[in-house]
Every structure is written in C-alpha cells, then in structure tokens.
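Residue numbers (the numbering used here): 171 to 791. Report on one structure; see the data block that follows.
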C-alpha cells in the first residue's frame with residue numbers, strides 16, 4: 171500500500187477489489203468469487219462461496235517454511251514456568267486434541283465451551299475446534315456460575331473443556347464449584363467434560379468427566395476440515411450482559427482475512443516477529459491477537475499468565491519483553507497506569523535490553539494523554555492508541571504502521587481503518603461538523619472480521635446495533651473528528667450526563683483530572699441530583715507515595731473546563747474497580763451512587779475494591 175489515504179479510499183470505493191487482494195494472503199480450499207454478499211442486507215456476508223480451514227492457516231501451512239520457529243511462548247510468573255512450542259509442535263498437539271474431541275462425538279458445527287486459565291491447552295483447545303469445524307465459545311476462567319450457565323444454555327455445547335483452576339498473584343482460584351454449579355443450573359446438559367488438572371487446584375471428577383490426559387490417550391490426530399467462509403468459527407459473549415447473553419459470532423473467512431491484513435498493515439508485524447498481546451484468551455483481544463492474528467501471520471505469540479504488577483513487581487512487562495525479544499507489545503492503558511503508579515520514574519527498565527521493542531499499542535480503555543506521554547518518554551518508541559470493540563474484532567481506528575507512519579495525537583486513536591465508514595452524527599443521524607461531539611456510527615456494510623450477526627438471533631442483532639440510525643452500525647460511543655480527520659472517542663454515550671440542561675462528557679473531565687501530576691488514574695461518573703438532574707463525581711487514585719487535596723482537583727477541573735463542568739466532589743481512593751480486561755466499572759459505581767443495590771459483576775478483577783468503595787459512593791454529594 172502506497173499510503174494510508176490511498177488504501178482507505180480504495181477500501182470504500184472498491185471494497186470487492188480491496189478485500190479480494192487481502193484474501194490472497196490466506197490459503198483457500200476454494201477461493202471465493204463472490205467477495206461481498208448483500209442478498210440478506212442489512213446482514214452482510216463476506217467471501218460467501220469460499221471454503222477454508224482457519225487452523226490450517228494458523229499452523230499447518232507454516233510448518234514447511236518455519237516449523238522449528240516458536241509459534242507460542244508460555245510465560246507464567248505465577249507458576250515459574252516458561253515453555254516454548256514450535257509451529258510443528260503446536261500443529262501436532264492441536265491435531266491430537268482435535269482427534270480427542272472427534273472421538274467423543276464432536277463434529278463440524280458442534281459447539282465447545284472452553285472455561286480455562288491462561289495455559290497453552292486453552293489455545294490448543296481453540297485451534298482444535300477450528301481444525302474440525304467445531305465452534306468454540308471461550309468463557310473467561312473464573313466467571314461466575316450464573317453467567318457461565320447462561321452461556322451454556324445459549325451456545326448448547328456438546329463438550330465443555332475446563333482447567334481445574336486459575337493461578338493469580340498470591341491466590342488460587344478453584345473453578346470446580348463454579349463449573350459444577352453452572353452445569354447444575356443450566357437447562358442444557360453437555361455430553362462430556364474434559365478437565366485439565368492443575369496441581370494447585372485439584373478437581374474431583376464427576377461420572378463421565380475425562381482428564382485432559384485421558385482424552386488424549388489413544389486419540390488419533392485429526393486433519394483439517396474445510397468449512398464455508400460464512401460458517402461460525404467462534405461465539406464470544408459480551409461482558410456485563412443481563413438476561414440472555416449476546417453471543418457475538420465470528421465467521422471463518424472474513425475473520426482470517428481481516429486479522430491477517432491487520433497484523434501486517436496496522437501493527438506492522440511480519441512473519442518471524444515476536445508479538446505480545448498482554449490480555450486474556452477470554453476476551454476479544456486474546457482471541458484476535460494472542461491466538462489467531464499472530465499465528466495466521468507466521469509470527470511468535472506470547473501467552474502470559476501474570477499481571478503487569480505484583481508478579482513479582484512493576485518490571486514484569488519489561489522482563490518479558492527483554493527475555494523473549496518482543497517486537498510489538500499490545501496491552502491496555504490500565505496496565506501501563508498500574509506500572510506507572512508503582513514505578514513512576516520507570517526505574518525498573520534500567521538495565522533491560524528493550525532494543526527489539528519498536529511499537530507499543532494500547533486499547534481497551536480510553537488512553538489518557540499523561541499515560542500516552544509517560545510510556546512514550548520511558549520507552550522511546552511510538553505509542554499507538556487504537557479503538558475497537560468485541561463486535562468488530564479488530565481496530566476501527568488506529569495509526570496503520572504497516573502502511574504509513576502517521577503521527578499520533580494524545581487523546582486520539584488516530585484515523586479510521588480501511589473498510590470502516592466512520593461518521594459522527596447528531597440525534598437525527600446527520601453528520602456534525604469537525605470539532606462537534608456526537609454519536610459515532612459506522613456505515614454498512616461493516617468490513618470483514620466484524621460480527622455478521624448474533625448467535626441464533628438475527629432480529630436481536632438488527633434491533634441492538636442497526637435500528638437506531640438506519641444504514642449504520644451503532645457503536646454506543648460518542649466522540650468527534652478534528653479538522654484533519656483524527657477521531658477522538660470520548661466514552662460511551664451513556665457517560666454523557668445532563669447537568670441542569672447542559673450535556674457534559676465525563677470523558678472530558680477524566681482527561682483533565684488525569685493530567686494532574688498527582689493522579690495515577692481516575693473515573694468520573696454522573697449521579698442523580700434532585701435539583702440538576704445529574705451531577706458529576708470524580709474518583710481518583712494518586713500515584714504511589716503522593717498525597718493530593720481533593721479541593722485542588724476540583725479547582726483543577728474548574729480552571730480548565732469552567733464552572734459549567736459542575737464538578738464539586740472528588741474522592742481520593744486506593745483503587746478503582748475494574749473488569750479482568752481492564753475496563754473501569756463506571757456503570758456499577760453509578761448505580762451504587764444512585765442508591766441501587768448493584769451486584770458484584772462476574773467480570774470484576776477484585777471484588778474487595780468495589781466493596782471498599784460502596785460507602786464512599788453512597789455518601790451524599
């Protein structure tokens with residue numbers, strides 16, 4: 171690609187030609203002639219007459235040319251295990267487990283729920299499903315029983331594959347009670363369960379359960395089963411759902427094409443590079459950029475069972491980057507904020523050879539300018555914000571390092587990626603001028619790799635995402651473009667509050683608070699007020715060893731935004747409640763502050779943090 175503008179323009183004016191060229195990087199059993207199928211619009215399908223196998227593209231095709239190259243490096247500071255698997259070894263292990271699944275009756279189209287910790291067998295199980303055309307649904311290890319049961323009932327798996335527990339800094343999370351309770355509560359009954367026994371959390375098997383070793387014993391390796399490009403590869407349920415969960419469907423063909431394209435053109439990763447997405451396989455980043463995209467590209471991927479701090483300290487990321495010669499690191503801003511809080515001067519990088527690390531990508535939470543600047547100054551490399559969703563599967567906006575090294579700007583994930591017709595609109599669906607805030611929508615069709623629908627419910631897909639602004643996908647985020655076409659994402663549209671008739675973005679206030687030199691991270695929520703309807707409240711975590719007067723923070727926001735901000739109260743707290751993927755639980759905190767009896771979300775990282783905040787949030791504002 172000559173440059174970004176040419177690539178983007180072609181993807182919009184000639185999508186068939188653009189994505190046909192991108193599809194040439196994938197091995198097809200039958201190459202597609204029809205690139206975009208719009209016969210069921212507003213539900214669109216990509217490469218509908220093509221057939222392929224995703225596991226073949228991720229493993230088998232690389233064995234001849236790079237069979238002895240590491241495909242996956244497992245680094246587990248919580249168990250002190252570091253292990254490397256070549257492409258040949260991964261292919262063989264996946265083929266054997268695929269044979270084990272087939273032997274107990276799993277066939278193409280069947281669903282397999284995977285409920286596992288960050289262990290290599292989780293990746294093996296995912297790829298084994300893809301190998302035989304089964305549909306995997308990974309549920310984050312340690313998810314609560316009720317949520318797991320809802321996902322079992324929705325996906326109706328033939329088999330459940332689980333690890334006996336997860337290991338975190340200072341604690342062991344046994345999965346048995348949650349898995350057994352979920353299986354008892356669910357109306358659907360899986361035919362078999364396969365349990366990977368971890369010695370730290372032994373599991374008492376039920377009748378019919380198999381251990382991982384039992385399942386493999388006597389199994390014959392399975393070959394790759396070609397499937398249609400439009401057949402589902404996986405179902406991934408969005409977090410924080412109530413009632414029937416939303417199962418985001420990812421197809422085989424569009425997914426493979428989009429991720430392979432994104433790896434080289436957005437992330438600048440080439441075959442043989444070492445790529446590390448410091449996430450979890452239970453989240454979309456783990457699916458896309460721990461498992462599939464690096465392996466589709468022929469890169470080496472890192473599976474990290476640890477935290478950015480406390481395993482053992484805030485230098486953990488730099489140790490991994492040095493030891494495994496990481497080329498590109500992709501993590502969440504909250505991870506960098508945690509490191510910055512514990513090591514504000516970056517002293518733990520001293521003596522580390524990070525010369526191979528050339529790019530840092532951050533996504534998952536809004537990247538505040540101070541964190542962006544701190545990381546860039548510390549590492550001396552480009553820091554690239556990127557914005558996307560579980561539903562899209564790959565970045566909507568970023569700086570595409572493999573096409574053109576566009577300059578980045580603090581507070582912006584840069585520009586829309588090819589295939590994404592990003593617009594900012596008002597309540598009527600009309601485009602707003604540059605600099606003005608509105609709802610961010612994406613014109614249809616969405617590019618390959620995005621969800622074509624929800625599992626088993628086309629009507630709900632259309633109702634949830636496509637009905638608010640006809641012809642557009644509703645992202646649920648608000649933002650603005652600047653005069654140069656850079657996008658600024660200011661947070662969920664429900665984070666825009668109405669204070670005495672004035673619409674205010676809590677994201678804008680967070681941006682100001684995070685710029686204060688004493689602030690490590692922050693959240694601003696809108697809470698009910700009998701006079702003004704809503705008022706903002708700030709919660710701030712100070713940097714390690716630093717104290718700050720809340721009144722100073724209130725004045726800081728007032729100085730930069732003005733009295734219209736109406737921020738009168740900021741509480742300094744020890745920590746903010748987050749999901750395991752790093753998202754701050756603003757909605758839960760808002761509900762508690764409004765007096766609702768909010769349950770502890772199943773996705774929460776540390777329930778004690780939320781419990782400690784409850785009395786603070788319930789104080790009168």
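Note that beta-carbon positions come from the ideal geometry of N, C-alpha and C, so glycine has one too. Everything numeric in this text was worked out from a predicted model, so none of it was measured.
Ranked by how close their Cα comes to the Cα of residue 457, the residues 568, 300, 586 have 300 in first place. One thing to note: residue 467 has its Cβ within 8 Å of the Cβ of residue 433.
In this structure, the beta-carbon distance from residue 335 to residue 368 falls below 8 Å.
In the DSSP secondary-structure assignment, residue 471 is bridged to 242, 445. Under DSSP, residue 402 takes part in a beta bridge, and its partners are 421. Nearest C-alpha to residue 727 among 709, 743, 623: 709. In the structure shown, the three-state DSSP call for residue 309 is coil.
For residue 761, the enclosing alpha helix (DSSP H) starts and ends at 756 to 763. The C-beta of residue 450 has 16 or more other C-beta atoms within 10 Å across all chains shown, which makes the residue buried. In summary, residue 729 is exposed, with fewer than 16 beta-carbon neighbours lying within 10 Å of its beta-carbon over all protein chains present. Contiguous beta strand (DSSP E) elements confined to the stretch 504 to 578 occur at 529 to 532, 553 to 555, taking only those with 3 or more residues. When the beta-carbon positions are compared, residue 207 and residue 215 come within less than 8 Å of each other. Per the Cβ contact rule, the stretch 310 to 324 is in contact with the stretch 414 to 423 (3 or more Cβ pairs under 8 Å). Taken in chain order, the whole alpha helix (DSSP H) runs of length 4 or more contained in the stretch 667 to 746 are 676 to 684, 720 to 731.
Residue 587 places its beta carbon 8 Å or farther from that of residue 600. At least 8 Å separates the beta-carbon of residue 713 from that of residue 736. Bounds of the beta strand (DSSP E) holding residue 660 are 657 to 662.
Residue 344 and residue 312 have their alpha carbons spaced roughly 8 Å apart.
Between residue 421 and residue 399, the gap from beta carbon to beta carbon is short of 8 Å.
Classified as buried, residue 435 has 16 or more neighbouring CB atoms from the shown chains inside 10 Å of its CB. DSSP lists no bridge partner for residue 302. Residue pairing from DSSP leaves residue 322 without any beta-bridge partner. Taken atom to atom, the span from the alpha-carbon of residue 513 to that of residue 486 is near 11 Å. Selection 707, 706, 740 evaluated against residue 719 yields 740 as nearest (Cα-Cα). With 16 or more other Cβ atoms from the protein chains shown falling within 10 Å of its own Cβ, residue 704 counts as buried. Residue environment for residue 687: exposed (fewer than 16 other C-beta atoms within 10 angstroms of its C-beta).
By the beta-carbon neighbour count (other beta carbons within 10 angstroms, threshold 16), residue 342 is exposed. Residue environment: residue 263 is assigned as buried (16 or more neighbouring CB atoms within 10 Å of its CB, all protein chains considered). Between residue 290 and residue 476, the CB-CB gap reaches or exceeds 8 Å.
Contact annotation: residue 308 and residue 375 have beta-carbon atoms that are not nearer than 8 Å.
Three or more beta-carbon pairs separated by less than 8 Å link the stretch 552 to 572 to the stretch 620 to 628, which places the two stretches in contact.
If you check the CB distance, residue 273 and residue 304 do not come in under 8 Å. Contiguous alpha helix (DSSP H) elements confined to the stretch 246 to 285 occur at 257 to 273, taking only those with 4 or more residues. C-alpha of residue 394 to C-alpha of residue 213: approximately 28 Å in a straight line.
Non-local C-beta neighbours of residue 697 in its own chain, meaning closer than 7 Å and more than five positions away in sequence, comprise 704, 705, 707, 760, 763, 764, 791, ordered along the chain. In this structure, residue 481 sits near residue 339, with a CB-CB distance shorter than 8 Å.
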